[in-house]
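Protein chains in written order, with numbering that gives the first Met the number 0: chain A, 0 to 139; chain B, 0 to 139; chain C, 0 to 482; chain D, 0 to 482. For each residue, glycine too, the CB sits at the ideal point set by N, CA and C. Values in this document were obtained by computation on a predicted structure and should not be read as measured data. In what follows, a structure is listed as C-alpha cells, so that the remarks can point back to it.
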Amino acid sequence: MENKTKVVLGVIGADCHAVGNKILNYAIGAAGFEVINLGVLVPQADFVSAAIETDAQAILVASLYGHGEIDCRGLRERCREAGIENILIYVGGNLVVGKTDFGEVEKKFLDMGYDRVYAPGTLPDVVIKNLQADLEKRGL
Amino acid sequence: MENKTKVVLGVIGADCHAVGNKILNYAIGAAGFEVINLGVLVPQADFVSAAIETDAQAILVASLYGHGEIDCRGLRERCREAGIENILIYVGGNLVVGKTDFGEVEKKFLDMGYDRVYAPGTLPDVVIKNLQADLEKRGL
Amino acid sequence: MELKNKKWTREQFDTIRAEVLTHWATGKDVDMEEAVKFHETIPAKRHFAKRLIKAKKNGETLTQPRAGVALINEHIELLNFLRNEGEADLLPTTIDSYTRQNQYKEAQNGIEESMKAGRSLLNGFPAVNHGVEGVRRVVESVDAPLQVRHGTPDARLLTEITLAAGYTSYEGGGISYNIPYAKSVSLERTIYDWQYCDRLVGIYAEQGVEINREPFGPLTGTLVPPSVSHSVAVIEGLLAAEQGVKNLTLGYGQCGNLIQDVAAIKALEQLAEEYFAKHGYNDCTLTSVFHQWMGGFPQDEAKAFGVISWGAAAAVLSQATKVIVKTPHEALGIPTKEANAQGLRTTKQMINMLKDQPYPMTKEVLDEVEIIKAESRCILDKVFELGQGDYAVGAVRAFEAGVLDVPFAPSKYSLNKILPARDNNGAVRLFDVGNLPFTPELVAFHKDKIDQRAKVEGRSPSFQMVIDDIYAISKGNLVGRPR
Amino acid sequence: MELKNKKWTREQFDTIRAEVLTHWATGKDVDMEEAVKFHETIPAKRHFAKRLIKAKKNGETLTQPRAGVALINEHIELLNFLRNEGEADLLPTTIDSYTRQNQYKEAQNGIEESMKAGRSLLNGFPAVNHGVEGVRRVVESVDAPLQVRHGTPDARLLTEITLAAGYTSYEGGGISYNIPYAKSVSLERTIYDWQYCDRLVGIYAEQGVEINREPFGPLTGTLVPPSVSHSVAVIEGLLAAEQGVKNLTLGYGQCGNLIQDVAAIKALEQLAEEYFAKHGYNDCTLTSVFHQWMGGFPQDEAKAFGVISWGAAAAVLSQATKVIVKTPHEALGIPTKEANAQGLRTTKQMINMLKDQPYPMTKEVLDEVEIIKAESRCILDKVFELGQGDYAVGAVRAFEAGVLDVPFAPSKYSLNKILPARDNNGAVRLFDVGNLPFTPELVAFHKDKIDQRAKVEGRSPSFQMVIDDIYAISKGNLVGRPR
Ligand code: B12
Ligand code: B12
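This is the structure we're talking about:
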C-alpha cells in the first residue's frame with residue numbers, strides 16, 4: 000500500500016456529476032495508483048489540502064457541468080502558495096458551457112496552469128497512460 | 000368545356016416522377032382549368048407542340064430528378080421560334096442536383112426565360128393562385 | 000426540526016418563511032397576495048396544470064425541452080425560439096448550478112461575467128438573483144406553460160420567488176433533488192425543506208391557484224431500475240399530496256429496452272393510483288413524464304438523433320403525458336437554441352408519426368409491468384414499515400438501510416450497494432440487489448437475467464460489465480458487449 | 000420476340016448479346032472470360048452475395064446508402080467516405096437518369112458539363128459511358144461489397160459492363176424497373192430484356208461466379224400496399240430464378256405503421272419460400288431488404304432524422320437482412336456525402352440499440368402477416384392462371400386486367416385503378432381495390448378499415464384523403480388528417 004503513488008481525484012465546484020468520477024476512481028485504482036477520491040462538489044481548497052496531507056503526486060480535476068472556466072481558475076496559484084507548485088494537475092470533462100472547439104478550451108486551461116486538458120468523454124486508459132508517462136519523466 | 004383556359008402540364012426530360020404531376024393535374028383541373036397533361040418523360044418539343052395544338056395559355060414544367068438545369072434550357076427560345084413567344088411558362092420541383100439555396104436557382108431559371116420558378120414541395124394552391132393572377136393581368 | 004409526513008400548520012410554515020425570505024435580498028419582494036391575483040389572470044393555454052390535464056384527456060404526448068441562460072432577455076429569446084422554431088408544447092426554465100447550491104454570490108458573479116463575455120457563463124437561469132420582477136418579465140414574455148427545472152436540495156427561496164412570479168409548474172423533491180445532486184446534505188433536511196415547497200404549493204392551491212408539481216424521475220439518469228425510481232416518485236408524490244399539492248406529474252427516465260420502458264410508464268401510473276387511493280389522496284390529478292435517455296450520449300450528432308428518436312418513440316408508445324427532450328449537442332455541452340429546437344422537432348415528428356399506432360399490450364409487456372409493480376411494492380411497503388406508517392421518516396431510514404438505494408449517486412446518504420446491468424435484451428436489471436427488500440423470487444429473476452447475458456457473452460458478471468453498459472449508448476450500442 | 004418464362008438457350012442469348020454490345024462504344028470492351036477470372040479474386044468481405052448470406056445467418060441488418068456522381072474519382076471518393084464516415088456495410092453505385100433511359104449521348108454531355116462545372120450535374124454514375132475499365136477502377140478502389148442501383152427499363156448493356164467490371168450485386172427487374180420508371184415501354188419488352196440480365200447472371204453462376212440480384216421492392220414508393228409490391232417481388236424473383244439466378248434479395252418499402260411493416264417483411268420471406276418451393280427453385284438463397292420511407296420527406300433536417308430513425312427501427316425490428324438508408328437532405332436534393340453519412344450513422348445507432356430487442360410476434364402482427372399473404376396469393380395465383388402457367392405472360396396480362404396495379408405509376412401499362420389510403424392506425428389499405436382479385440372478405444376488410452378512419456375524421460373517403468396521406472409524412476404526420 001504505502002509505496003503506491005497517490006493521486007487526488009475530485010469533481011470541482013458546484014458540480015455533482017458522479018458517474019465519471021466513480022469510473023475514474025475504479026480504473027485509476029485498478030491501474031495501481033492510490034486514489035484519494037474527494038468525490039463531487041469539491042472546493043479548490045480541498046484539492047490542495049488533500050494533496051498536501053497525503054503527499055500526492057497529481058491532482059485530477061473534473062468539471063462536467065459547464066462552470067469549469069470559473070471554478071478552475073487559480074488552482075495552480077493556490078498550489079504555489081501552499082508550496083506544491085510543481086504538482087501535476089490534469090483537468091477534464093465538459094469544461095465550458097456549450098459545444099466548443101476543444102483547441103480553444105485546451106489553450107485556455109493550459110494557460111491557467113493545468114498540465115493536461117482532456118476533451119469530453121475521454122476514456123480512463125488515456126489518463127492512466129499519461130499519468131504513468133508524466134510521473135516517469137519526473138523519475139517517480 | 001371549350002371556354003376553359005388551357006394549360007399544358009408535364010415532367011420534362013428523362014424524369015419519371017409522377018406523383019406530383021398527378022396531384023397538380025387533379026388540383027389545377029379542379030380549379031377550373033383544362034389541363035393538357037403530358038405526364039412524365041416529356042421532351043421540350045412536346046410541350047411546345049401541345050401548347051400550339053391546344054392553344055394553351057401556359058406551360059407548367061416540372062423537373063424533380065435533378066437534371067432540370069440541363070433539360071429546361073432553351074424552352075423559351077423554342078416557344079419563340081414556334082411563334083408562342085409570350086406564353087406563360089412556370090417551372091418547379093427539385094430543379095437542380097443537390098440541396099441548393101433557392102435564390103440562386105430561381106435566378107438561374109428566370110434568366111432562362113421562365114416566368115415563375117417554384118421551390119421544392121410547393122403546394123398546388125400556390126400555383127393556381129399565381130396562374131389566375133398572371134392570366135388576369137393578361138386580361139384572360 | 001422534527002420530520003413527520005404531516006401537513007404543516009400555517010404557524011410552522013410562516014415562522015420558517017420569515018427566515019427563508021431573508022436568504023437573499025430579493026426575498027423581501029415576494030408578495031403572495033399579489034401573486035395569487037396574477038395567477039388568476041393566466042389563461043388556460045399558458046397554464047401548466049391545465050394543459051397537462053387536457054393532454055391526458057386527449058391522449059397527447061407533449062414535448063418539453065431543458066433550457067436556461069444567465070440573463071433575462073437572452074432567456075426570453077431562448078424560450079420563444081424553442082416555442083416557435085422547436086414547436087415545444089411546454090417550456091422550462093432550467094436553473095444554474097450555483098443557485099442550486101444556494102451560492103447566490105457565485106450566481107451574481109456568473110451574471111456579471113456573462114454580461115462581460117456577451118455569452119452565458121452559467122449553465123442555467125439564476126432566478127433568485129433576478130428576483131420576482133425579473134422572473135415575472137419572463138412569464139409575461141412567453142406564450143406557453145412554464146415550469147422551473149433545477150436540482151436544488153434547499154429550493155425554498157427559489158420556489159417562493161418563481162411561484163410569486165407566476166410559474167405554474169415546479170420540479171423537484173426532497174429525495175430526487177438530494178441523492179443525485181448533493182453529497183452531504185441529510186435526507187431529513189431536504190425532505191423537510193421540500194415539505195416547505197410542497198406546502199407553499201398547497202397554500203396557493205387553497206387560494207384557488209393550481210400549480211403542477213413534478214418529482215425528478217430519472218435520479219442519476221444512469222441505469223436506474225424502474226422500481227427504484229418509481230418508489231422514490233411515489234413517495235415524493237405522497238409527501239407532496241399530504242402538504243396539499245393537487246396536480247402531480249410522476250417521471251421516469253428511459254432505460255432503452257422498449258418493452259421495459261412501455262411497461263415502466265404503465266406501472267408508474269398504476270402504482271401511483273394504487274398508493275394514492277390507499278392513503279386517501281383522491282383529489283390529486285396524476286400525469287406522467289418520460290425522459291429521453293438521461294445517461295451518456297454519443298458525441299456524433301447523427302447518432303444522437305437516433306438516441307433522441309428512440310426516446311421519442313418510447314415516450315409516445317408508452318403514452319406518457321409529456322416527454323423531456325434531449326439535443327444533438329448532449330454529449331458535448333449546453334445546446335445552442337438551434338440544436339435544442341432540432342431535438343424538439345425530431346421528437347415532434349416521431350410523436351406525430353407514432354401517435355396513431357398504440358403499442359400492443361403483449362404478455363411480455365404485462366409481465367414486465369407486474370415485475371416492476373411487485374418490486375416497487377416490496378420497497379414501498381418496507382419504507383412504510385420502517386417509518387412506522389410515516390413515509391417521510393421511512394424514507395430516511397430506508398436509505399440508511401439500503402432499502403432505497405440509487406446507483407452511482409454522489410450522496411453519502413445513499414448506500415450505493417446495488418449494481419445495475421443490462422440483461423441480454425437490454426433491459427436494466429440488478430447484477431447486485433444490495434439490500435433491496437425483494438422476495439427471493441425477484442432476486443432470482445434478476446440473477447437469471449444477468450446470468451443469461453453473461454453466458455451469451457462468455458464472461459462472468461462483473462463490475463466491468465456495468466462499466467461497459469454505462470458507456471454502451473455513447474459508443475453506439477445498448478448492451479455493453481465485450482469487444 | 001416471344002415472351003415465355005423459360006430459361007434462354009445460349010444461342011438465343013448470344014445472338015441478342017452481339018447486338019446489345021454495340022449500343023454504345025464501350026460495349027466492345029466487355030470480356031466475360033476476363034471478368035470471371037477477376038470475380039474469382041474478389042475476397043468474401045467484398046462479395047455482396049456472401050456478405051448477405053453471413054448477415055442472414057447472424058441475424059444482422061446491414062446498412063446501405065444510395066450514391067452516385069458523374070465522374071470516376073469523385074465517385075470513388077464518395078463511396079469511401081460513406082464506408083469510413085458513414086460506417087456503411089454495403090455500398091451502391093446509383094446510375095444517372097440519362098443512362099437509365101439509354102440516352103448515352105446526354106450522359107456524355109452530363110459528364111462534360113460536370114467536368115466544366117466542377118460539380119456533378121448528373122444525378123448518378125454513368126457506368127456505360129465510363130466503360131468496363133472505368134467502372135473496374137471503382138471496384139478496385141472501394142473496400143466493400145458493391146451493388147448497381149438504377150431504374151433502367153433496358154439495362155442489358157449496363158449489366159454487361161458493370162458485371163464485367165466486377166460488381167457482385169445488381170438491382171432491378173422487368174416490372175419494377177418499368178412501371179415506376181417508364182411511361183410507354185411495354186411490359187413484354189422490359190420483362191424480356193430483364194430475362195437477358197438475369198440470364199447473364201445465370202451464365203456467370205454457371206461459371207461459379209455468384210452475383211446477388213435484387214428486384215426493386217418499393218415501386219413508386221408512395222403508399223404501395225404490401226401485397227402489391229410483394230406480388231411483383233415474388234414474380235420477378237421466380238423469373239430470375241428460372242434464368243439461373245441463385246442469390247436473390249426481395250424488397251419492401253416502409254409504409255410507416257410498425258405492425259404492418261414488421262408483418263410485411265415476415266410475409267415477404269414466407270411467400271418467397273412458399274412459391275420458390277412450389278415451383279421447384281430450391282437452390283436459390285433468399286434474403287430481404289427494407290427501404291426506409293420512400294415517399295415525400297419533410298424538408299426540415301431534424302424531422303427527416305425522425306423519419307430515418309423510424310425506418311431504421313422498423314428495419315431492424317422486422318429483422319430484414321439489409322436496410323436502404325435515406326438522408327436528411329431527401330426532400331431537397333441529392334445529398335452531400337456528409338448528409339448521406341449522417342443518415343447512415345443515425346441508422347447504425349438505431350440498429351445497434353434495437354438489435355437485442357426482438358419485436359414480439361403478437362396476434363396483431365400474425366393477423367397482418369396472414370392478410371398480406373392471403374392478398375398476395377390471390378394476386379399471384381390469378382397471374383399464374385392468366386398466363387396459363389407462365390408468370391411472364393401472366394404478368395403482362397395481369398397488368399392489362401388490373402390484377403396487378405401500382406398506385407401513382409407513370410406507365411400507361413399500369414391501369415392505375417387502385418387508390419391507397421391509410422387506415423386509422425396509419426397502415427396502408429385500399430380505398431379503391433380496383434380490379435385486384437381479392438376475395439369478398441378481403442375487399443370488405445379494406446372497406447371497413449377505411450370507413451373506420453373516415454368515421455373518426457367525420458368525412459367520407461375521397462381522393463382528398465389520398466392526397467392528404469401523400470403529403471402527411473412530409474408535413475410531419477403519418478395519417479393525413481383533415482386540418
Ligand atoms: C448523467 C448526467 C447528469 C446526471 C448526473 C447524475 C450524477 N450525480 O452523476 C443528472 C441528471 C443529475 C445531471 C444533472 C445536471 N447536468 Co448533466 N449530464 C449527464 C450526462 C448525460 C452524462 C454524464 C455521465 O455520467 N457520463 C458518463 C461518464 C462515464 O462520462 P463523463 O461524465 O463524461 O466522464 C468521463 C470523461 O469525461 C472523463 N473525465 C471526466 N472528468 C475528467 C477529469 C480528468 C482529469 C480526466 C483525465 C478525465 C475526465 O473520464 C470520465 C470517464 O470516462 C452528461 C452529457 C453526456 N455526457 O452525455 C450531462 C451534462 C454533463 N450535464 C450537464 C448539465 C448542464 C447538468 C445540469 C446543470 C442540469 C442542466 N442544466 O441541464 C445538472 C448539474 C447539476 C450540478 N450541480 O452539477 C451538461 C454540461 C453542459 C456543459 N458543460 O456545457 C451536460 C454535458 C449535458 C448537456 N449537454 O447539457 N446530469
Ligand atoms: C417518390 C420518389 C421517387 C419514386 C418516384 C415514383 C414515381 N414514378 O413517381 C422513385 C423511387 C421511382 C424515384 C426514383 C428516382 N428519384 Co426520386 N424521389 C421521390 C421522393 C422521395 C418523393 C417525390 C414525390 O412523389 N413527392 C410527393 C409529390 C406530391 O411532391 P413533388 O413531387 O415534390 O411535387 C410537388 C411540388 O414539387 C410541386 N411541383 C412539382 N413540379 C412542379 C412544377 C410546377 C410548374 C409547379 C408550379 C409546382 C411543381 O407540386 C407538386 C405537388 O405539390 C423525392 C424526395 C422527396 N420529395 O421527398 C425523391 C427525389 C425527387 N428523387 C430523386 C432522384 C435523384 C431519383 C432517382 C434519379 C434515383 C436516385 N438517383 O436516387 C430516380 C429518378 C429516375 C428518373 N428517371 O426520374 C431526387 C432528386 C435529386 C435532386 N433534384 O437533386 C429526390 C429529391 C430525392 C433525393 N434527395 O435524392 N423517386
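For this session: For the stretch 302-316 of chain C and the stretch 45-58 of chain C, state whether three or more C-beta atom pairs, one from each stretch, are separated by less than 8 Å.
Result: no
For this session: Taking only heavy atoms of ligand 1 into account, decide whether any of them is closer than 8 Å to the Cβ of D14(A).
Result: yes
For this session: Pull up the distance between the alpha-carbon of A338(D) and that of F275(C), whole angstroms please.
Result: 50 Å
Problem set entry | Cβ-based neighbour list, L429(D), same chain, cut-off 8 Å, excluding 5 preceding and 5 following | P224, I417, L418, P419, A420, L435, H445 and I449
For this session: Mind checking which residues open and close the alpha helix (DSSP H) that includes D133(B)?
Result: P123 to K136
Exercise. Is the CB-CB distance between A154(D) and G165(D) below 9 Å?
Worked result: no
For this session: Please check the pair C71(B) and F108(B), which I expect to be a contact at CB under 8 Å, by giving their CB distance rounded to whole angstroms.
Result: 7 Å
Problem set entry | Length of the line joining the Cα atoms of K474(D) and E300(D) | 13 Å
Exercise. Between T335(C) and E187(C), what straight-line distance do the alpha-carbon atoms span, to the nearest angstrom?
Worked result: 38 Å
For this session: Mind checking which residues open and close the beta strand (DSSP E) that includes V288(D)?
Result: T284 to H290
Exercise. Along chain A, which residues have their Cβ under 7 Å away from the Cβ of G85(C)?
Worked result: The premise fails here: G85(C) is roughly 17 Å from chain A at the closest Cβ pair, so nothing lies under 7 Å.
For this session: Using a Cβ cut-off of 9 Å (strictly closer), state whether I27(B) contacts chain D.
Result: no
Exercise. How is the beta strand (DSSP E) around V60(B) delimited, first residue to last?
Worked result: A57 to S62
Exercise. With 9 Å set as the bound, which would you pick, yes or no: does the beta-carbon of E363(C) sit closer than that to a beta-carbon of chain D?
Worked result: yes
Exercise. Roughly how many whole angstroms lie between the Cα atoms of V125(A) and E86(D)?
Worked result: 25 Å
Exercise. Residues of chain A with CB under 8 Å from K182(C), in chain order?
Worked result: C15, G38, V39 and L40
Exercise. Beta-carbon separation of P152(D) and D192(D) under 9 Å?
Worked result: yes
For this session: Taking only the alpha-carbon atoms, compute the straight-line gap between M0(B) and D467(D) and give it to the nearest angstrom.
Result: Confidence is the limiting factor: at M0(B) the pLDDT is only 44, short of 50, which leaves the residue's position unreliable and the question unanswerable from this model.
Exercise. Whose CA, out of D447(C), L20(C), L385(C) and P179(C), lies closest to the CA of V432(C)?
Worked result: D447(C)
Exercise. Which residue's Cα is closest to the Cα of I83(A): I69(A), D133(A), V116(A) and V47(A)?
Worked result: V47(A)
Exercise. So is the beta-carbon of I469(D) under 8 Å away from any non-hydrogen atom of ligand 2?
Worked result: yes
For this session: Using 8 Å as the cut-off, classify the Cβ of H22(D) as near or not near the heavy atoms of ligand 2, replying yes or no.
Result: no
Exercise. Do you know offhand how far I190(D)'s Cα is from I178(D)'s?
Worked result: 11 Å
Problem set entry | Simplified DSSP state of D142(D), which is helix, strand or coil | coil
Problem set entry | Selection from G220(D), E272(D), L237(D) and H22(D) that minimises the alpha carbon distance to H290(D) | G220(D)
For this session: Note down the Cα distance separating E241(C) from L316(D), rounded to an integer number of angstroms.
Result: 45 Å
Exercise. So which residues on chain B does S96(D) lean against when the C-beta distance must stay under 9 Å?
Worked result: G12, A13, D14, C15, Y64, G65 and H66
Exercise. Does any residue of chain D bring its CB to less than 9 Å from the CB of M464(C)?
Worked result: no
For this session: Could you check if Q146(C) is buried or exposed, using at least 16 other CB atoms within 10 Å of its CB as the buried criterion?
Result: buried
Problem set entry | Chain-ordered neighbours of K347(C) on chain D, where CB pairs are closer than 9 Å | A301, K302, G305 and G475
For this session: Answer yes or no: do K321(C) and T345(C) have a C-beta to C-beta separation smaller than 9 Å?
Result: no
Exercise. With 16 as the cutoff for other CB atoms within 10 Å, does G479(C) come out buried or exposed?
Worked result: buried
For this session: Measure from the alpha carbon of D100(B) to the alpha carbon of each residue in P119(B), D110(B) and R115(B), then state which is nearest.
Result: P119(B)
Exercise. Are the beta-carbon atoms of R75(A) and G112(A) separated by less than 9 Å?
Worked result: yes
Exercise. Between the C-alpha atoms of I264(C) and I258(C), what's the straight-line distance to the nearest angstrom?
Worked result: 10 Å
Exercise. Which residues, in chain order, does the stretch 308-325 of chain C contribute to contact with chain D at a C-beta distance below 8 Å?
Worked result: S308, W309, A311 and A312
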